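Asks: My questions all concern the structure below.
Numbering (the working numbering), first residue to last: 190 to 344.
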């Protein structure tokens, strides 16, 4: 039996019927659509801390939850440093949950304000572009109208 087989057997032996307490790296990769390299990268950055069984990574439910948070935070534009700070606030037993919530409120307030400012700028730019477009279309139409009688007169 290889060390990988031992790790799989270990993971399998720690599962309840109906709920998985431990996960292999391939399982998490499949479930979340990430690569092995991505999980190792998050581990190197201190965002995940899987157990090792005979040299093979074994992830807990906590690691799985952390990965879900990492991917969600990345999707909304958080940096890895912000994600690590958020995860570290949690503590060993959730004692930092209020701090996490305050951090998220502050972070999302800032992100919302930034996006609303960008949207206002985009709206203003679109209005200006529409005005320029309309003006150019009107000028082109006026040129076409003034050119038609001249071509008829010369015929």
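The beta-carbon is built from N, C-alpha and C at its ideal position, and this holds for glycine as well.
Predicted model only: the values in this text are computed from it and were never measured.
1. Can you give me the C-alpha to C-alpha distance between residue 272 and residue 232, rounded to a whole angstrom?
2. Using alpha carbons as the reference points, say which of 234, 265, 315 and 303 lies closest to residue 277.
3. For the structure I just gave you, are there three or more beta carbon pairs, one from the region 211-222 and one from the region 238-250, closer than 8 Å?
4. To test your reading of the DSSP string, which unbroken beta strand (DSSP E) runs of 3 or more residues are found completely within the region 220-254?
5. Within the same chain, show all residues whose beta-carbon is closer than 8 Å to that of residue 293, passing over the 5 residues directly before and after it, in chain order.
6. Within the chosen definition, does the region 297-317 reach the region 278-289 through at least 3 CB pairs nearer than 8 Å?
7. Check for me: the beta strand (DSSP E) holding residue 360 runs from which residue to which?
8. Tell me, please, which residues DSSP counts as bridged to residue 211.
9. I'd like to check one pair, residue 217 with residue 260: are the Cβ atoms closer than 8 Å?
Replies: Concretely, from the data shown:
1. The residue labelled residue 272 in the question sits at position 83 within the chain shown. The residue labelled residue 232 in the question sits at position 43 within the chain shown. One C-alpha to the other measures close to 13 Å.
2. Position 88 of the chain shown, counting from 1, holds the residue named residue 277. Minimum Cα distance to residue 277 is reached at 234.
3. As far as the Cβ criterion goes, the region 211-222 touches the region 238-250, which means the pair count is three or higher.
4. The region 220-254 is shown to contain whole beta strand (DSSP E) runs of 3 or more residues at 240-242 and 245-249, in chain order.
5. Sequence index remark: in the chain shown, residue 293 carries index 104 (1-based). Around residue 293: 275.
6. Output reads no: the region 278-289 does not touch the region 297-317.
7. Since the first residue shown for the chain is 190 and the last is 344, residue 360 is missing from the structure and cannot be characterised.
8. The count along the chain shown starts at 1 and reaches residue 211 at position 22. Listed as beta-bridge partners of residue 211 by DSSP are 249.
9. Locating residue 260 in the chain shown gives position 71, where the first residue counts as 1. Locating residue 217 in the chain shown gives position 28, where the first residue counts as 1. Cβ distance not < 8 Å, so residue 260 and residue 217 don't count as in contact.
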